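Residue numbers (my numbering): 10 to 325. Don't be surprised by glycine CBs; every beta carbon is placed ideally from N, CA and C. Note that the structure is a prediction, hence the values are computed from the model and not measured.
Set out below in structure tokens:
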């Protein structure tokens, strides 16, 4: 039911998809330009060494197809391979540094794109509370301090999470690829889906507490949100697991049948749906009523019972 309500709220706020899309496109352009510049500077010597390999390999293919002796081209290709190996062995430090720089750029890119998701959460909270529609940029600027605090916490947690999941995937893949190669892809995908669902479940209320809650202490907001009540954890995990699987299916479908064009809308809409689910969880756990639209209000059972008791105590 909560996933259904979140979807209704996301559809009612569909205009946010385009604001989210515009922000993320701008960030992607900046990221792509920065990354290409770094790769061009850092990897230019490697490109200079590897280029003759492709050239000589093409010469061999041409010689074979033309039924011409390719011994000289093969000898040149062997020399080129040796040059590449020598280059790599002599530049291990530079290669490691390049990988670290690229990783830092990716982390910073995730940090910047996450700012938009935080802004969406605050806007969705306003809609669910009193049907308000505030400006995107104004909301971002007004709440920038809280957003940056959460993004720093999320950045550290995501690095730890990705490292653990990466090690698990590497271990499972290494064990299954030789014994059951077909199951390796299935198990890898399963681990990724479960990992994303668990991360969304665990971090859901951390994000809500920091951005929407009344906790003045970031530490308290983090620790309180990190351990949802047992009665809600299972339901939250099941809902996120279902949504993650559905979104994964749509992402693959959009990539295959629209050549990636559908991703332009699916990625920001998926972000909005996940954000709406987190806000719905926040309202549900804290037993607060919220608007689905102008005609429908979701009232928790506890509030309904209190209202009924209050009415029964009133003498008419």
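**Message:** Is it buried or exposed, residue 321, if we count other Cβ atoms within 10 angstroms and call 16 or more buried?
**Reply:** Because the pLDDT at residue 321 is just 44, under 50, the model does not fix this residue reliably, and the value given afterwards should be weighed accordingly. The residue in question, residue 321, is exposed, as its Cβ has fewer than 16 Cβ neighbours within 10 Å.
**Message:** If contact is defined by three or more beta carbon pairs under 8 angstroms, each pair taking one atom from either stretch, is the stretch 196–203 in contact with the stretch 124–144?
**Reply:** no
**Prompt:** Can we say the stretch 16–36 touches the stretch 271–291, given the rule of at least three CB pairs closer than 8 angstroms?
**Reply:** yes
**Message:** Using the three-state DSSP reduction, which class does residue 299 fall into: helix, strand or coil?
**Reply:** strand
**Request:** Report all residues from its chain with a CB closer than 8 angstroms to the CB of residue 52; omit the five preceding and five following residues, and keep chain order.
**Result:** 107
**Cβ contact (3+ pairs, closer than 8 angstroms) linking the stretch 284–303 and the stretch 133–140** = In short, these stretches touch, since the Cβ pair count reaches three.
**Message:** Please report the distance separating the alpha-carbon of residue 305 from that of residue 291.
**Reply:** 18 angstroms
**Asked** Are residue 159 and residue 209 touching if we call contact CB-CB under 8 angstroms?
**Response** Not in contact: residue 159 and residue 209 (Cβ atoms no closer than 8 angstroms).
**Asked** Excluding five sequence neighbours on each side, which residues of the same chain lie with their C-beta closer than 7 angstroms to the C-beta of residue 325?
**Response** With a pLDDT of 40 at residue 325, under the threshold of 50, the modelled position of this residue cannot be trusted; read the value that follows with caution. Excluding five sequence positions before and after residue 325, none of the CB atoms of its chain fall closer than 7 angstroms to its own CB.
**Prompt:** Quick check: the stretch 235–249 against the stretch 209–221, are there 3 or more CB pairs under 8 angstroms?
**Reply:** yes
**Prompt:** Just reading off the alpha helix (DSSP H) that residue 260 is part of, what are its end residues?
**Reply:** 239–266
**Prompt:** Considering only residues of the same chain and omitting the five flanking positions on each side of residue 17, which have a CB-CB separation below 7 angstroms?
**Reply:** Counting only Cβ-Cβ distances below 7 angstroms, and skipping sequence neighbours, we find 301.
**Prompt:** By the 10 Å Cβ neighbour count, where 16 or more other Cβ atoms means buried, how is residue 245 classified, buried or exposed?
**Reply:** buried
**Prompt:** If we ignore side chains and look at the alpha-carbon of each, how far apart do residue 207 and residue 162 end up?
**Reply:** 17 angstroms
**Message:** So, for residue 259: in the same chain, excluding its five sequence neighbours on each side, which residues have a beta-carbon less than 7 angstroms away from its beta-carbon?
**Reply:** 275
**Prompt:** So, do the stretch 96–110 and the stretch 31–41 have three or more beta carbon pairs nearer to each other than 8 angstroms?
**Reply:** Cβ pair count under 8 angstroms is below three, so no.
**Prompt:** If we count the other Cβ atoms within 10 Å of its Cβ and call it buried at 16 or more, is residue 277 buried or exposed?
**Reply:** buried
**Request:** Pick out whichever of 71, 220, 45 has its Cα sitting closest to the Cα of residue 152.
**Result:** 220
**Prompt:** Per DSSP, which one or two residues make a beta bridge with residue 305?
**Reply:** 302
**Asked** Where residue 318 and residue 11 are concerned, what is the direct C-alpha to C-alpha distance, given to the nearest angstrom?
**Response** With a pLDDT of 48 at residue 318, under the threshold of 50, the modelled position of this residue cannot be trusted, and the question is left open.
**Item:** Cut-off 7 angstroms between Cβ atoms - residues of its own chain near residue 176, not counting five sequence neighbours on either side
**Value:** none
**Message:** Less than 8 angstroms between the beta carbons of residue 168 and residue 116, yes or no?
**Reply:** Their beta carbons are under 8 angstroms apart, which means residue 168 touches residue 116 by this criterion.
**Item:** Spatial distance of residue 90 from residue 62 (CA atoms)
**Value:** 7 angstroms
**Request:** Tell me, to the nearest whole angstrom, how far the beta carbon of residue 205 is from that of residue 253; I am working on the premise that it is less than 8 angstroms.
**Result:** Between residue 253 and residue 205 the Cβ distance is about 5 angstroms, and since that is below 8 angstroms, they are a contact.
**Item:** Spatial neighbours of residue 192 in its chain, beta-carbon cut-off 8 angstroms, leaving aside the 5 residues before and after
**Value:** 185
**Prompt:** If we call anything under 8 angstroms between Cβ atoms a contact, is residue 15 one with residue 289?
**Reply:** yes
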